[in-house]
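Under this note's numbering, the first residue of the sequence shown is numbered 123, with each subsequent residue one higher.
No residue lacks a Cβ here, since even glycine has one placed at the ideal position from N, Cα and C.
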Amino acid sequence: MNVGMLWLDADKGRSFDEKVQRAAEYYTEKYGRFPELCFVNMAALPDERKIGQIMVKPAKTILPNHFWLGFDQPVES
């Protein structure tokens, strides 16, 4: 993924799944399309898994409490 939306959610009262879902909802409102991929810090998620329709993958380059959402392939207009 080369292009996406970076979301910060450091609220300790929300579960990890809730944070991913909230980020995806905002992404959908902003861009009119539901994301299919989300990268997170490796400390938050050691192995990739699906949350709803979103494949969530760990990445070294993502800061803690950040979620990078988008598509595996660029979306053509």
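| Asked | Found |
| --- | --- |
| Closest by C-alpha distance to Gly126, when choosing among Ser137, Phe138, Cys160 | Cys160 |
| Per DSSP, the bridge partner or partners of Val178 | Cys160, Arg171 |
| Candidates Met123, Lys179, Gln195, of which the one nearest Ala165 by Cα | Lys179 |
| Cβ-based neighbour list, Lys141, same chain, cut-off 7 Å, excluding 5 preceding and 5 following | Asp131, Phe189 |
| Cβ neighbour criterion (16 or more within 10 Å) applied to Leu209 | This structure does not reach residue 209, given that the chain is present from 123 up to 199, and the question cannot be answered. |
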